[in-house]
Amino acid sequence: MTRRTMSPYGSWASPILPDLLLKGTVQMRNQMLRWDGGDLYWSELRPYEGGRIVVCRRAADGATSDVTPQGFNARTRVHEYGGGHFAVKDGTVFFTNYADQRLYRQDRDGAPQPITPAKDIRHSDMLIDARRGRVFAVREDHTTGAPEAVNTIVAIDVQGKREPITVAAGNDFYSSPKLSPDGGRIAWQTWNHPNMPWDGSEVWIGELDGDGNVRSSRKIAGGLTESVLQPEWSPGGELYFVSDRADWWNLYRSRGEGDEPVCHRAAEFGSPQWVFGMRFYDFSGPDELVCIYAERSGSKLGRIDLNTGRLHPIELLYTTLFNVQVSGRKAAMYASSATLAERVLVVDLDTAAQEVVKVANPAHIDPGYFSIPKPIEFPTEHGLTAHAFYYPPRNHDFEAAAGDKPPLLVLCHGGPTGSAGPTYPFEYQYWTSRGIAIADVNYGGSFGYGRAYRLRLNGQWGVVDVDDCINAARYLVDQGLVDPDRVAISGGSAGGYTVLLSLTKRDFYNAGSSQFGIGDLELFTKETHKFESHYCDTLIGPYPERAHVYRDRSAIYFADQISAPVILFQGLEDKVVPPSQAETFVAVCKQKKLPYAYVAYEGEQHGFRQDKNIRRTFEGELYFL
């Protein structure tokens, strides 16, 4: 057995370097999978190619190739977060190109050809109607002259020769067009300001005439206080959907004039729709569907007997699963765990045999450097409890002296309607292998614990999240697991908001790091894009009626009270949290000679996609904290 070197926590040498995290690595989170017969298509984001998204194909014979040629980036800007960026049928791929946001048709082995005009009109969530020679898509039109973009569902000629037909219009947002097996009906999801889709949304059905026009439509499910998502037609023509009406996102089906639960379980069979194209279940036959469901320990794969409603788990080694797609008796999905990198995985539903098609990070790292997350539940305000995942330091080359306690990095996820999970975060091992513990906090408002837990943040953003992150750290201190004098906090976007507010309105942390974080809620509400323009109505309260609360919960007004050094990272092309947020905060810090560092990136948007900038962020954050 190799003798370990005695060294204080936080000083351990680690082989996990930024280049190891980035070299040849792709990102699969929030990407898409689609079967086309026996061919499997998926998309991946490549930091080493400037952050472009590429559609790839694994043919039935096992041959793998890129579909998206150089010079194209299969990424849509609908809702700014994108998703739903390609569709495929009989070898023909339709995708949105990032540079011009036009919709392209690419025949097998052919060059992409645009089928929409060169205007500021964006498309997502495509569905191919081969019988009528058209593509259904969510359209986001920025050319109407209206105060905000106009969202609709349209049907586009596959050759781009005819004018698009409007299928659904009049509401603020649309998603998930789904055509019935007989082609006679189309279902979709819709919602309106001030709701986000996870607050309240509806599923509708439209009856199509012989020409494919909607002659009538009716609401099937949902409402202002019920979140419904992923409408899907069964092989027999019944409409299924996911609803949180009973606290958890569970499966339901429409029958006659009503609907009924398919399988009731205290688990999430869905998640917040930050991006288009997510699928949590798919049909494997007329009497069975395959689903992904999340419990506190992570994601699981299962089969549901549609006659009995019984759920049969499929045992896998993975704890994070998303975007399941079924073809015949094979289910494809993205999968990862604390020790297994993200990958495209295919599972045989009859034999449970597994095939790894593509791994996101090809680097091999000795498991002795990996920290295994432990779910914790800790006390917080008002007699409640909250949740987190604790990653203890681990490096088989080092150990600390008895009685020494590691520094703690508290991570607050974005959203804020998001979550932390026991996934394969190479960046977490970057810290834990150096002797730094991590608390990845699912503060009140996070998903994965039912609707009531999600609603804790309503009207309380900037309070509940701040309290829960501090209480997670206090719990670990009280358990004797971390050093109370070395606690830092880090987060991006909404997590960055929690960081900045924690450092200005509380005196608890020793340092902080904000990536594209919100410092001024009023400015955010005025400048952000349509999708999130009324998000704060729920999280804070209506504006301007509660303008005083917006100011009281904005770190910019309390920058002179900052209690610890802070580093800020910002993309200069960010439309979700514009650079003005960081620049305004930095200006106050500079004027008052407060401790800060500011790193801005040209060509980056909301979330960093270029490897050089990801590398610099890793190194800068470690150096600063």
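The sequence shown: position 49 = 48 (numbering that gives the first Met the number 0), numbered continuously. C-beta atoms are modelled at their ideal positions from N, C-alpha and C, and glycine is treated no differently. What you are looking at is a predicted structure, and each value in this text was computed from that prediction instead of being measured.
Item	Value
Name the residue from T165, E341, P577, W34 whose alpha carbon lies nearest to the alpha carbon of E79.	P577
Could you check the C-alpha separation between G269 and L624 for me, to the nearest Å?	36 Å
Within 10 angstroms of its Cβ, does G169 collect 16 or more other Cβ (buried), or is it exposed?	exposed
Distance check for I371 and T4, CA to CA, integer angstroms please.	21 Å
With distances taken from CA atoms, which of L621, Y622, R608 is nearest L21?	R608
Cα separation between F71 and L207?	35 Å
Considering S579, what are the terminal residues of the alpha helix (DSSP H) in which it resides?	579-590
Does the distance from the CB of S298 to the CB of I291 come in under 7 Å?	yes
Mapping the DSSP letters down to three states, classify E531 as helix, strand or coil.	helix
Within 10 angstroms of its Cβ, does V355 collect 16 or more other Cβ (buried), or is it exposed?	exposed
Express the C-alpha separation of Q188 and R214 in angstroms, rounding to a whole number.	18 Å
Can you have a look at D349 and say buried or exposed, based on whether 16 or more other CB atoms are within 10 angstroms of its CB?	exposed
Touch check for the stretch 533-541 and the stretch 561-572: three-plus C-beta pairs under 8 Å?	no
On the CB-based measure, 16 or more other CB atoms within 10 Å of its CB, does S296 come out buried or exposed?	exposed
Report the residue ranges of all beta strand (DSSP E) runs contained in full by the stretch 485-558; include only those spanning at least 3 residues, in chain order.	486-491, 510-514
Sorted by chain position, which residues of the same chain lie with C-beta nearer than 6 Å to R550's C-beta, five sequence neighbours on each side aside?	Y556
Tell me which residue opens and which closes the beta strand (DSSP E) that A136 is part of.	133-140
Hey, out of S253, D258, G221, E256, whose CA is closest to D243's CA?	G221
Taking the alpha carbon of V565 as the reference point, which residue from V289, A581, V481 has its own alpha carbon closest?	A581
So which of E603, Y622, G443 has the shortest CA-CA distance to G50?	E603
Straight-line CA distance for L522 to H605?	16 Å
Apart from the five residues just before and just after R552, which ones in its own chain have a Cβ nearer than 8 Å to its Cβ?	W460, G461, V462, L500, L520, I539
Take E618 and list the residues in its own chain whose beta-carbon comes closer than 7 Å to its own, dropping the five residues that flank it on each side.	P17
Can you tell me which residues form a DSSP beta bridge with M5?	E398
In angstroms with no decimal places, state the Cα-to-Cα distance between E237 and R254.	7 Å
Is the number of C-beta pairs between the stretch 156-164 and the stretch 490-504 that are closer than 8 Å three or more?	no
For the alpha helix (DSSP H) that E147 lies in, which residues bound it at each end?	No alpha helix (DSSP H) holds E147; DSSP gives it neither H nor E.
Which residues in the same chain have their Cβ closer than 8 Å to the Cβ of L502, if we skip the five residues on either side of it in sequence?	I488, Y508, G511, A554, I561, S562, A563, V565
Any idea which residues DSSP pairs Q112 with across the strands?	R104
How should Q112 be labelled, buried or exposed, when 16 other C-beta atoms within 10 angstroms of its C-beta is the threshold for buried?	exposed
Please return the same chain residues whose Cβ sits closer than 6 Å to the Cβ of L223, not counting the five positions on each side in sequence.	G199
Give me the DSSP bridge partner(s) of K357.	V343
So V137 and I152 are supposed to be a Cβ contact under 8 Å. How far apart are they, rounded?	6 Å
Could you pull the start and end residues of the alpha helix (DSSP H) that V476 belongs to?	463-477
Indicate whether V92 and Q105 have their beta-carbon atoms separated by less than 7 Å.	yes
If we count the other Cβ atoms within 10 Å of its Cβ and call it buried at 16 or more, is G414 buried or exposed?	buried
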